[in-house]
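Peer 1: Residue numbers (the working numbering), protein chains in the order written: chain A, 1 to 213; chain B, 214 to 757. Just so it is clear, CB atoms sit at the ideal spot from N, CA and C, and this is done for glycine as well.
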């Protein structure tokens with residue numbers, strides 16, 4: 001499903017404007033940019049990126065939004081009262097590039113070219129998520145800070161999203177947790193931040209192995 | 214990646230061993246000090262022992278501030294990544310790798326594993342040993358290979374090379390209750406079965422000949438019951454021979470004329486002798502030769518005084534010596550005069566391939582045991598020396614003396630540093646290999662044995678030991694002591710032993726073989742315990 005259009009692009013990340021106001025894709029979710037092949041000999045590239053932030057601002061960056069709510073009109077009703085808001089505000093989101101699929105091969109490193117400006121951004125289907133996240137090397141690319149959200153939070157958000165999209169795949173979650181533990185081994189506070197926020201909580205004991213620390 | 218992979222080599226030195234980081238799915242609780250493991254190098258396979266296990270963390274702050282309420286999920290994520298374990302591994306033997314598909318043929322060509330000369334590179338894989346590894350290193354059962362037991366977690370035999378075993382003196386050690394006498398029985402059974410040597414067993418507590426109740430309550434057979442007339446029973450105690458179904462072949466008497474100065478010196482503690490006793494005995498011997506003890510005991514106080522005047526001996530020490538030595542005369546098996554014929558017959562029986570157990574019966578005090586064992590062994594040793602000399606002259610295969618293994622218990626009584634130089638056993642332990650006589654030393658306090666003797670022991674079989682000095686003693690002259698020390702202290706009290714030395718390619722911890730019906734059958738035991746008369750007649754009168 002197409003959800004936005006790229007309005008700023010670099011080799012590591014891009015910013016897209018969301019088609020729908022106030023509904024950027026979930027933090028940490030995977031999005032896909034389809035780039036058709038220029039030569040036509042191959043089937044083209046699917047660039048994969050992880051959403052690293054979302055924001056809604058005015059069209060004119062020099063003008064700050066003002067309060068619109070009254071005693072009776074608040075929250076969603078404000079938008080009904082002020083239909084012009086749909087045209088003066090915009091929602092955008094950033095996504096960090098984590099890999100691509102070329103000729104049906106999943107590659108988890110930066111693509112050679114940034115995604116073209118004004119191309120559409122799609123949500124990744126469950127099948128695409130499943131396929132891309134079978135390997136966990138892409139998590140390394142999320143360690144680099146891109147926006148205001150700290151990398152551990154982006155990592156955690158991504159793992160939570162993928163865990164759900166893979167149908168509560170506990171084996172995958174355990175593998176991801178170990179991968180993150182390896183990646184963040186020199187910073188155990190950051191590691192614990194991630195682990196606490198991806199801990200699925202109490203599950204049936206039969207699926208939990210391992211002992212005390 | 215193999216199924217039983219444990220981790221990869223990350224550090225090491227030839228002299229210090231290898232450090233292996235364990236895979237995250239392996240817990241340290243799966244591993245034991247002394248486990249037999251294999252490192253797969255690129256060209257060689259290294260048969261190794263685990264010598265130590267460490268817990269580590271990538272970030273020391275994690276250890277200073279462990280997660281306060283780790284859920285199982287977090288514990289599992291951290292285990293093996295931020296917190297991990299390493300094991301220290303000691304390569305003991307190496308084997309050049311061959312085409313995996315044709316292992317057996319190539320093993321034979323290359324003649325088995327060799328001492329370690331190199332170490333593997335980084336990230337060589339460590340794995341649990343497989344059955345094939347065990348049989349590569351310890352060989353297959355059969356021939357001179359005697360199955361001693363099985364690995365702790367597997368059911369395949371670990372073999373001892375008995376031909377190498379009897380080449381040197383050996384030791385069986387362990388705290389009391391670790392089954393030393395069962396171990397000795399296993400070893401002796403193996404030697405009897407394979408006919409590699411003949412045995413002379415000084416059986417202080419009547420444990421070897423006939424059935425005996427174990428600590429957990431069931432009865433196990435003795436060597437006579439398993440091997441029948443191949444085993445001859447000698448006894449000091451006439452009453453022993455009268456018990457039902459427990460035939461004694463010969464009742465042994467010791468003559469006062471056979472007791473020598475060295476025997477008495479060995480007993481100075483038991484007999485309460487003073488330091489002057491040795492000199493006094495010397496004077497007596499000068500005067501009376503072999504009859505010295507008999508004469509001394511027969512002397513009246515007047516005769517004693519006269520002897521002192523004539524020889525210059527001190528009257529008081531003469532009198533106390535006489536008093537103390539009277540105790541010997543009071544033992545029923547001691548007679549005034551005896552010939553060596555019984556002992557010489559015994560040596561002949563050994564030469565015919567019979568095995569001899571000398572039972573002490575009621576006379577199981579240290580005094581009896583030390584006196585008789587030393588005396589008998591001295592005679593046996595003399596005869597063996599003569600035989601060896603004759604063999605060296607004639608070079609006839611028929612004259613070659615059969616290798617003899619002498620089993621002694623409470624070995625520290627004969628082999629402690631104070632007396633080891635004077636006893637026949639000390640001599641045998643140090644140099645008698647050339648006369649084809651070796652010892653099987655059984656003791657629970659190896660620290661009491663002369664270090665020089667300990668270092669001469671070829672193969673050491675040890676049950677659990679906890680006393681630091683005993684562990685030190687057992688490991689005298691062994692390389693890689695740190696690994697083995699850990700293994701020794703972590704053995705179970707029952708049925709687990711560490712074998713190291715000449716008869717095994719590398720030290721190994723094992724579960725000992727069951728001493729049960731299956732064992733009796735494997736040893737060729739007769740179903741009927743009663744002896745058939747024909748073989749008894751042969752025993753008494755020799756082969757026609």
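#1: I need the boundaries of the alpha helix (DSSP H) containing residue 158 of chain A, first residue and last residue.
#2: Can you tell me where the alpha helix (DSSP H) with residue 594 of chain B in it begins and where it stops?
#3: Tell me whether the beta-carbon of residue 659 of chain B lies closer than 7 Å to the beta-carbon of residue 687 of chain B.
#4: Which residues in the same chain have their Cβ closer than 8 Å to the Cβ of residue 670 of chain B, if we skip the five residues on either side of it in sequence?
#5: Between B:537, B:225 and B:455, which lies nearest to residue 484 of chain B when the distance is taken from Cα to Cα?
#6: Would you give the residue range spanned by the alpha helix (DSSP H) that residue 446 of chain B belongs to?
#7: What span of residues does the beta strand (DSSP E) with residue 289 of chain B cover, start to end?
#8: What do you get for residue 13 of chain A, buried or exposed, if any count of 16 or more other CB atoms within 10 angstroms of its CB means buried?
#9: Thinking C-alpha only, which one of B:399, B:379, B:624 and B:525 is nearest residue 661 of chain B?
#10: Skipping 5 residues on each side, what residues in its chain have a beta carbon closer than 6 Å to that of residue 393 of chain B?
#11: Here's the rule I'm using: 16 or more other beta-carbon atoms within 10 Å means buried, otherwise exposed. How should residue 7 of chain A be labelled?
#12: Got a sec: which bits of the region 167-182 of chain A sit with their beta carbon under 7 Å from any beta carbon on chain B, in order along the chain?
#13: Give a single yes or no on whether residue 690 of chain B has its beta carbon closer than 6 Å to a heavy atom of the ligand ZN.
#14: Examine the Cβ distances between the region 458-478 of chain B and the region 538-558 of chain B and report whether three or more of them are shorter than 8 Å.
#15: Here's a check: name, in chain order, each residue in its chain whose Cβ is nearer than 8 Å to the Cβ of residue 369 of chain B, leaving out the five neighbours to either side.
#16: Assuming residue 405 of chain B and residue 440 of chain B make a contact with CB atoms under 8 Å, what is their CB distance in whole Å?
#17: In whole angstroms, what is the alpha-carbon distance linking residue 179 of chain A and residue 76 of chain A?
#18: Expressed to the nearest angstrom, what Euclidean distance is found between the alpha-carbon atoms of residue 239 of chain B and residue 219 of chain B?
#19: Would you say residue 221 of chain B faces chain A, with C-beta separation under 7 Å as the test?
#20: Does residue 284 of chain B come within less than 7 Å of chain A when only Cβ atoms are used?
#21: Just to make sure I have the definition right: I need the residues of chain A whose C-beta is within less than 8 Å of the C-beta of residue 290 of chain B. Which are they?
#22: Put residue 281 of chain B into one of helix, strand or coil per three-state DSSP.
#23: Indicate the three-state DSSP secondary structure (helix, strand or coil) for residue 108 of chain A in the structure shown.
#24: I'd like the span of the alpha helix (DSSP H) that includes residue 499 of chain B, first residue to last.
#25: Near residue 269 of chain B, which residues of its chain fall below 8 Å by C-beta distance, leaving aside the five closest residues on each side in sequence?
#26: If you measure from the beta carbon of residue 232 of chain B to each beta carbon in chain A, is any gap under 7 Å?
#27: Does DSSP put residue 87 of chain A in a helix, a strand or coil?
#28: Suppose you measure from the CA of residue 565 of chain B to the CA of residue 468 of chain B; what does that come to, to the nearest Å?
#29: Would the region 246-266 of chain B count as touching the region 132-150 of chain A if we require 3 or more Cβ pairs under 8 Å?
#30: Can you pull out the residues from the region 258-279 of chain B whose beta carbon lies closer than 7 Å to at least one beta carbon of chain A?
#31: Report the residues of the region 143-158 of chain A with a CB closer than 9 Å to any CB of chain B, ordered along the chain.
#32: To which residues does DSSP link residue 432 of chain B through a beta bridge?
#33: Would you mind telling me which residues of chain C sit closer than 7 Å to residue 185 of chain A, beta carbon to beta carbon, in chain order?
#34: Between which two residues does the beta strand (DSSP E) carrying residue 725 of chain B extend?
#35: For residue 618 of chain B, which beta-bridge partners are listed by DSSP?
#36: Does DSSP classify residue 342 of chain B as helix, strand or coil?
Peer 2: Taking the definition as stated:
#1: 151-165
#2: 579-607
#3: In this structure, residue 659 of chain B places its C-beta atom within 7 Å of the C-beta atom of residue 687 of chain B.
#4: 381, 382, 383, 384, 642, 654 and 714
#5: B:537
#6: Note, residue 446 of chain B: premise wrong, no alpha helix (DSSP H); beta strand (DSSP E) at 444-448.
#7: No beta strand (DSSP E) holds residue 289 of chain B; the alpha helix (DSSP H) holding it covers 285-291.
#8: With 16 or more other Cβ atoms within 10 Å, it is buried.
#9: B:624
#10: 385, 387 and 655
#11: exposed
#12: The region 167-182 of chain A vs chain B, Cβ under 7 Å: 174, 177, 178, 181 and 182.
#13: Within the structure as shown, the ligand ZN is missing, as the structure has no ligands at all.
#14: yes
#15: 344, 347, 348 and 363
#16: 5 Å
#17: 41 Å
#18: In a straight line, the C-alpha of residue 239 of chain B is about 6 Å away from that of residue 219 of chain B.
#19: No, residue 221 of chain B does not count as interfacial toward chain A.
#20: yes
#21: Result: 174, 177, 178, 180, 181 and 195.
#22: coil
#23: In this structure, residue 108 of chain A counts as coil in the three-state DSSP scheme.
#24: 490-501
#25: Contacts found: 296, 297, 298 and 299.
#26: Chain A, which has no Cβ nearer than 7 Å to the Cβ of residue 232 of chain B, makes this no.
#27: helix
#28: 26 Å
#29: Of all C-beta pairs linking the region 246-266 of chain B to the region 132-150 of chain A, fewer than three are shorter than 8 Å, placing the two stretches out of contact.
#30: 271, 272, 274, 275 and 279
#31: none
#32: B:426
#33: In the displayed structure, chain C is absent; the protein chains listed are A and B.
#34: 721-725
#35: B:412 and B:651
#36: coil
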